[in-house]
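Notes for the one structure printed next.
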Amino acid sequence: MKISHGLQDQGIVVGNVFDKYESRNPLVRGIMRQFNNGLAQLVARAAPENIHELGCGEGHWVLQWAQQGIDARGSDFSEKVIAIARDNALNAKLDPEMFSVRSIYEIERGSDDADLIVCSEVLEHLADPLAGLAAIQRVASRHVILTVPREPVWRAMNMARGAYWGDLGNTPGHLQHWSKRQFISLAQQFFEVIDVKTPLPWTMLLCKVKA
4 MKISHGLQDQ GIVVGNVFDK YESRNPLVRG IMRQFNNGLA QLVARAAPEN
54 IHELGCGEGH WVLQWAQQGI DARGSDFSEK VIAIARDNAL NAKLDPEMFS
104 VRSIYEIERG SDDADLIVCS EVLEHLADPL AGLAAIQRVA SRHVILTVPR
154 EPVWRAMNMA RGAYWGDLGN TPGHLQHWSK RQFISLAQQF FEVIDVKTPL
204 PWTMLLCKVK A
């Protein structure tokens, strides 16, 4: 699968800086296995008929869900990264039109809603995460999965591997930083949090639309 390798669009880092999905580093592989398992468990609990991933990047998860027979689609504000996602769909012999260019701030009920909205490793990149969560609230029919880096663990692990020392371990493009407790509190302003997973170094929430 093609990834963006830190590609920038409108001055914003899009997609993945390095290929964590195909890394041969045993530590990275172990960390990603925990993330994959956590996400799969939350998706299984939500049991959606359809999924819309916001900020889908190169389309890794959307393609996996589609291959599992789930009606899945993805959107991202970046035309450049959506072009990569569409190439990845073609290489997987799937419909590239499952990917569209769409800012999270612009999503609307009716055209962008789904049983399950997934917003994974996106909110930390937003200048206005409250507006992003409000937009998700507009289009969520039943469930929402949110994942973000867990701070300060994320930055500490970056520094432990010798990365981003000049920025105290902050990954390029990360504007927001939440502990587990802070992020749960933030999500509860918009949704009912029904499950929490903490695969190192992330916070993952399964949320339900409030009645």
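Per the working numbering, the sequence shown starts with residue 4, numbered consecutively. Every residue, glycine too, gets a C-beta built ideally from N, C-alpha and C.
Residue burial classification, residue i (beta-carbon count within 10 angstroms, cutoff 16)
{"i": "Asn161", "result": "buried"}
{"i": "Arg158", "result": "buried"}
{"i": "Ala88", "result": "buried"}
{"i": "Thr150", "result": "buried"}
{"i": "Gly62", "result": "buried"}
{"i": "Arg164", "result": "exposed"}
{"i": "Glu154", "result": "buried"}
{"i": "Gly77", "result": "buried"}
{"i": "Trp168", "result": "exposed"}
{"i": "Val104", "result": "exposed"}
{"i": "Gly172", "result": "buried"}
{"i": "Leu119", "result": "buried"}
{"i": "Ser114", "result": "exposed"}
{"i": "Gly33", "result": "exposed"}
{"i": "Gly135", "result": "buried"}
{"i": "Glu111", "result": "exposed"}
{"i": "Pro51", "result": "buried"}
{"i": "Glu127", "result": "buried"}
N-terminal and C-terminal residue of the beta strand (DSSP E) that residue i is part of
{"i": "Leu119", "result": "Ala117 to Ser123"}
{"i": "Phe194", "result": "Phe194 to Lys200"}
{"i": "Pro152", "result": "Ala143 to Pro152"}
DSSP bridge partner residues for residue i (one or two, in chain order)
{"i": "Val208", "result": "The sequence given here places Leu at residue 208; Val does not occur at that position. Bridge partners of Leu208: Leu149 and Val199."}
Boundaries (first-last residue) of the alpha helix (DSSP H) holding residue i
{"i": "Ser188", "result": "Lys183 to Ala190"}
{"i": "Asn161", "result": "Val156 to Ala163"}
C-beta contact flag for residue i and residue j at 8 angstroms
{"i": "Val84", "j": "Val17", "result": "yes"}
{"i": "Asp198", "j": "Leu57", "result": "no"}
{"i": "Gln74", "j": "Asn53", "result": "Here residue 74 turns out to be Asp, not Gln, going by the sequence shown. Contact: yes."}
{"i": "Ser81", "j": "Asp12", "result": "yes"}
{"i": "Asp116", "j": "Val147", "result": "no"}
{"i": "Leu42", "j": "Ala69", "result": "no"}
{"i": "Trp205", "j": "Pro152", "result": "yes"}
{"i": "Arg215", "j": "Leu208", "result": "Look at the range of the chain in this structure, 4 to 214, and you will see that residue 215 is not part of it."}
{"i": "Ala130", "j": "Leu178", "result": "yes"}
{"i": "Ser144", "j": "Val212", "result": "yes"}
{"i": "Gln37", "j": "Pro202", "result": "yes"}
{"i": "Met101", "j": "Val65", "result": "yes"}
### Query
Counting only runs that start and end within the stretch 15-102, where is the alpha helix (DSSP H) found for 4 or more residues in a row?
29-49, 63-70 and 82-94
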